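Student:
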Amino acid sequence: MKALKHLNKYFFKYRYRLIVGIIITIVAKVFALFTPRLVGASINVVSDRLEGKITQEVFRAELMTNILYLIGAAVIAGIFTFLMRQTIINVSRHIEYDLKNEIYQHYQILSLNFYKSNRTGDLMNRISEDVGKVRMYVGPAIMYTMNTITLFTVAIIYMVNTAPKLTMYTLLPLPILSVAIYKLSKLINKRSTIVQQSLSTLSTYTQETFSGISVIKSYGIEPQTSTEFDDLSAQNRQKQINLTKVQALFFPMMILLIGISNLIVVYIGGTQYMNGEIENIGTIAAFLIYVNMLTWPVAIVGWVTSLVQQAEASQERINEFLNTEPEIRNKANELTPIKGDIEFKNVSFVYPDTNIEALKNVSFKLNSGETLAILGKTGSGKSTILDLIGRLYDIDHGQVLVDDKIISELNLHSLRESIGYVPQDAFLFSDTIKNNIKFGKEDATDEEVIEAAQNARVHKNIIGFNKGYETILGERGITLSGGQKQRVSIARAIIKKPDILLFDDCLSAVDTETEEKILKNLVKLTKDKTTIIVSHRVSSAKNADKIIVLEDGKVIQTGTHETLINTDGYYKELYTKQLSEKEMQ
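For the sequence shown, counting from 1, position 35 maps to 679 in my numbering; every step adds exactly one.
Here it is, written out as structure tokens:
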């Protein structure tokens, strides 16, 4: 139960609702337990009339009174049972809502490396399936536990006061039940954990398959993926069956033990009545009703135990992520304005998940309002520089300074709020094109959206769609071409009007003519902004104030376009090659 202690703060938050719900539960069950006594009393009235102990008028009056009491108690019990569900079950939904938000918010602050080492399907499963299991604990499990405690308390007190010896024999099977529950609950906990892990694997595979459906269709490997899915489904089915087999032992055991209790009541109670130890035959009838009323609570003990064990297994999985500390911490609480001065001082960086040394002793300085272009071969460390400026990772050696302050000492929200980032792999959400552009500025007007799209040279493409800016994109923007996705991503960055703009090879899928037009617009838009352009094309870099060339994580060339094309090296070779290719077109 240690894992479930995490929920105590939510129980405290909704303590008043829970207390009211518990009181309502007790009242509902107290009224429900009037039924056996009233039925027993009615049978005694019938018995007295048959024996001639009371007159017909008294018989009718007492029987009618008992019937009215029975109806009244049933109505009141029904009303309070409805209110009980409205309070306790509603609390469980509130806690489910809070827990999902807590998990989601924690996911948001975890570092990029966390997402590289954990699968999306597993993350989704913990916030959906696992939280659902926990909700069953904070709702139905608590409600039915209170039902059981109230029923047992009131019923056993009445039974002991009426016929203590018969009560003892009637409740004899219960210790056996307790031992069986204890043994089975351990096994349920173990198998529930296995089932949840299996569901995570299945969710991950399904999510990856749907995300990569275009690749699967292109290679024609639908049969193979179907076979793999069948195998995973079969494994999950078997694990679910293994869990169900254990859970299925509860109810037959309950029914058997309750049946034995009924036989004991009839045999022992009948014997005691015949021997004169029990005065009224109605007592036996009341005991039979009590035993059968306790059937569901006793049976529910097993179900509730199963719920608790499953909830504990799920909460352990949730806590595993909630206890994961973010590698990138916000050390400064005070929001600070960012001007845009950027400096790297002998920066070296190794990716923690792969141990690849991406940067080696890199240094450069960029003043606010200047533009830096970074060129180099694939894997030379260009994108890593942008990741470090956005503080997606913390460096190993050296210093990254922003406005002459060590980047880790700046408020993380202020830093990232001041950055407009266009990634190499443009990611768009399954939403309208307009909302994807407004993602950079949620309160942007339609005019601002159109202006950003025009500057990114994508406005004409958008208005060509049937629904224009209201066109809903498929997952990851699959509705658009590669170049269109990149340009929408550029529009999303520039509409924000940030102090720092980072472009990570974001024109690679655009033709050279469109690239030239976008770059001209960007020159105007980035006039007073610190801009870094990562590219494989000299055309994207030639207008920059400074250019650096990387190779294997090291700076091998630095200067302006004019100086570099007149200096032997990678930049000059790339310029000559791309110039000749352009002339051939």
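Beta carbons: idealized from backbone N, C-alpha and C, even for Gly.
Quick caveat: nothing in here was measured; it's all calculated off a predicted structure.
#1: If you reduce the DSSP assignment to three classes, tell me which class Ser-1007 lands in.
#2: If you follow the beta strand (DSSP E) that Thr-1202 is in, where does it begin and where does it stop?
#3: Take the Cβ of Thr-789 as the centre, count every other Cβ of all protein chains shown within 10 Å, and call the residue buried at 16 or more, exposed below.
#4: The alpha helix (DSSP H) that contains Asp-1155, what's its start and end?
#5: Count the other CB atoms within 10 Å of the CB of Asp-1143; is the residue buried (16 or more) or exposed (fewer)?
#6: How big is the Cα-Cα spacing for Gln-749 and Val-1066?
#7: Taking the DSSP output, what are the residues bridged to His-1041?
#8: Gly-783: which of Lys-1171, Met-728, Ile-912, Arg-1060 sits nearest, CA to CA?
#9: How long is the line joining the alpha carbons of Ala-892 and Ile-832, rounded to whole angstroms?
#10: If Val-839 and Lys-883 are in contact, beta carbons under 8 angstroms, what's the gap, nearest whole angstrom?
#11: Quick one: Cα of Lys-760 to Cα of Tyr-660, how far?
#12: Below 7 angstroms CB to CB, which residues in the same chain sit around Leu-1169 once its five sequence neighbours on both sides are set aside?
#13: Tell me whether the region 1004-1018 and the region 1151-1160 touch, counting them as touching only if at least three CB pairs, one residue from each stretch, are closer than 8 angstroms.
#14: Within its chain, find whatever has a CB closer than 6 angstroms to the CB of Val-1199; leave out the 5 residues flanking it on each side and keep chain order.
#15: Let me know the secondary structure DSSP gives Lys-1140 once reduced to three states.
#16: Is it buried or exposed for Met-918, if we count other Cβ within 10 angstroms and need 16 for buried?
#17: Val-1102: buried (16+ other C-beta within 10 angstroms of its C-beta) or exposed?
#18: Looking at the secondary structure, which residues open and close the beta strand (DSSP E) in which Ala-1017 lies?
#19: Between Glu-1195 and Ile-1000, what straight-line distance do the alpha-carbon atoms span, to the nearest angstrom?
#20: Using a 10 Å radius around the Cβ and a threshold of 16 neighbouring Cβ atoms, would you call Ala-1188 buried or exposed?
#21: Once DSSP output is grouped into helix, strand and coil, what is the label at Glu-971?
#22: Assign Met-812 to buried or exposed, taking buried as 16 or more other Cβ atoms, counted over all protein chains shown, within 10 Å of its Cβ.
#23: Excluding the 5 residues preceding and the 5 following Gln-954 in the sequence, name in chain order all residues of the same chain whose CB lies nearer than 6 angstroms to its CB.
#24: Pull up the CB-CB distance for Phe-931 and Thr-814, whole angstroms please, since I reckon it's below 8 angstroms.
#25: Closest to Leu-1056 by C-alpha separation, out of Arg-881, Asp-1038, Phe-1073, would be which residue?
#26: State the CB to CB distance for the pair Ala-799 and Leu-677, rounded to an integer number of angstroms; the pair is presumed to be in contact (CB under 8 angstroms).
#27: Determine the extent of the alpha helix (DSSP H) in which Ser-1074 is found, giving its start and end residues.
#28: Where Trp-947 and Ala-824 are concerned, what is the direct C-alpha to C-alpha distance, given to the nearest angstrom?
#29: Quick check on the DSSP output: what are the complete beta strand (DSSP E) runs of length 3 or more inside the region 662-701, in order along the chain?
#30: Measure how close the beta-carbons of Glu-1250 and Arg-779 come, nearest whole angstrom, since I'm counting them as under 8 angstroms.
Tutor: Based on what the coordinates show:
#1: Walking along the sequence shown from the start, residue 1007 turns up at place 363. Judged by DSSP in its simplified three-state form, Ser-1007 adopts strand.
#2: To locate residue 1202, count along the sequence shown from 1; it is residue 558. 1198-1203 is the extent of the beta strand (DSSP E) around Thr-1202.
#3: Counted from its first residue, the sequence shown places residue 789 at position 145. Buried, by the Cβ-count rule.
#4: Locating residue 1155 in the sequence shown gives position 511, where the first residue counts as 1. Neither: Asp-1155 is in no alpha helix (DSSP H) and is coded neither H nor E.
#5: Taking the first residue of the sequence shown as 1, we reach residue 1143 at position 499. Buried.
#6: Position 105 of the sequence shown, counting from 1, holds the residue named residue 749. Position 422 of the sequence shown, counting from 1, holds the residue named residue 1066. A straight-line Cα-Cα distance of about 24 angstroms links Gln-749 and Val-1066.
#7: Position 397 of the sequence shown, counted from the first residue, corresponds to residue 1041. Ser-992, per the DSSP bridge assignment.
#8: Along the sequence shown, read from residue 1 onward, the residue named residue 783 stands at position 139. Nearest C-alpha to Gly-783: Met-728.
#9: Taking the first residue of the sequence shown as position 1, residue 892 is located at position 248. Taking the first residue of the sequence shown as position 1, residue 832 is located at position 188. Spanning the two alpha carbons is a distance of roughly 11 angstroms.
#10: The residue given as residue 839 occupies position 195 in the sequence shown. The residue given as residue 883 occupies position 239 in the sequence shown. With a Cβ gap of about 5 angstroms, Val-839 and Lys-883 count as contacting.
#11: Within the sequence shown, the letter at position 116 stands for residue 760. Within the sequence shown, the letter at position 16 stands for residue 660. Roughly 42 angstroms between the two C-alpha positions.
#12: What you label residue 1169 is simply residue 525 of the sequence shown in a count that begins at 1. The answer, listed in chain order, is Asn-1099, Ile-1138.
#13: Touching, no, given that fewer than three Cβ pairs across the two stretches are closer than 8 angstroms.
#14: Taking the sequence shown and counting its residues from 1, the one referred to as residue 1199 is at position 555. Only Val-1006, Ile-1192 meet the Cβ criterion.
#15: What you label residue 1140 is simply residue 496 of the sequence shown in a count that begins at 1. Shown here, Lys-1140 sits in coil according to DSSP, grouped into three states, outside any helix or strand.
#16: Start at 1 with the first residue of the sequence shown, and residue 918 comes out as number 274. By the Cβ neighbour-count rule, Met-918 is exposed, with fewer than 16 other Cβ atoms within 10 Å of its own.
#17: Taking the sequence shown and counting its residues from 1, the one referred to as residue 1102 is at position 458. So Val-1102 counts as buried.
#18: For this step, residue 1017 is matched to residue 373 along the sequence shown. Taken as a continuous stretch (DSSP letters only), the beta strand (DSSP E) holding Ala-1017 covers 1015-1020.
#19: The residue labelled residue 1195 in the question sits at position 551 within the sequence shown. The residue labelled residue 1000 in the question sits at position 356 within the sequence shown. Here the alpha carbons of Ile-1000 and Glu-1195 stand approximately 14 angstroms from one another.
#20: In the sequence shown, residue 1188 corresponds to position 544, counting from 1. Buried: at least 16 other Cβ atoms inside 10 Å.
#21: Along the sequence shown, read from residue 1 onward, the residue named residue 971 stands at position 327. In the three-state reduction of the DSSP assignment, Glu-971 falls in the coil class.
#22: What you label residue 812 is simply residue 168 of the sequence shown in a count that begins at 1. Residue burial annotation: Met-812 is exposed, with fewer than 16 other C-beta atoms found within 10 angstroms of its C-beta.
#23: Numbered from 1 along the sequence shown, position 310 holds the residue referred to as residue 954. Same-chain partners within the cutoff: Lys-777, Ser-836.
#24: By 1-based counting over the sequence shown, the position of residue 931 is 287. By 1-based counting over the sequence shown, the position of residue 814 is 170. Indeed they touch by this definition, with Cβ atoms about 7 angstroms apart.
#25: Taking the sequence shown and counting its residues from 1, the one referred to as residue 1056 is at position 412. For the residues Arg-881, Asp-1038, Phe-1073, the minimum Cα distance to Leu-1056 belongs to Asp-1038.
#26: Here residue 799 refers to the residue found at position 155 of the sequence shown. Here residue 677 refers to the residue found at position 33 of the sequence shown. Rounded, the Cβ-Cβ distance is 6 angstroms, consistent with contact.
#27: Residue 1074 sits at position 430 when you count from the first residue of the sequence shown. Careful: Ser-1074 lies outside any alpha helix (DSSP H) and carries neither H nor E.
#28: Residue numbering aside, residue 947 sits at position 303 when the sequence shown is read from its first letter. Residue numbering aside, residue 824 sits at position 180 when the sequence shown is read from its first letter. Counting only the Cα atoms, Ala-824 lies some 13 angstroms from Trp-947.
#29: Listed in chain order, there is nothing to give.
#30: With the chain covering 645 to 1229 only, the question about residue 1250 has no answer from this structure.
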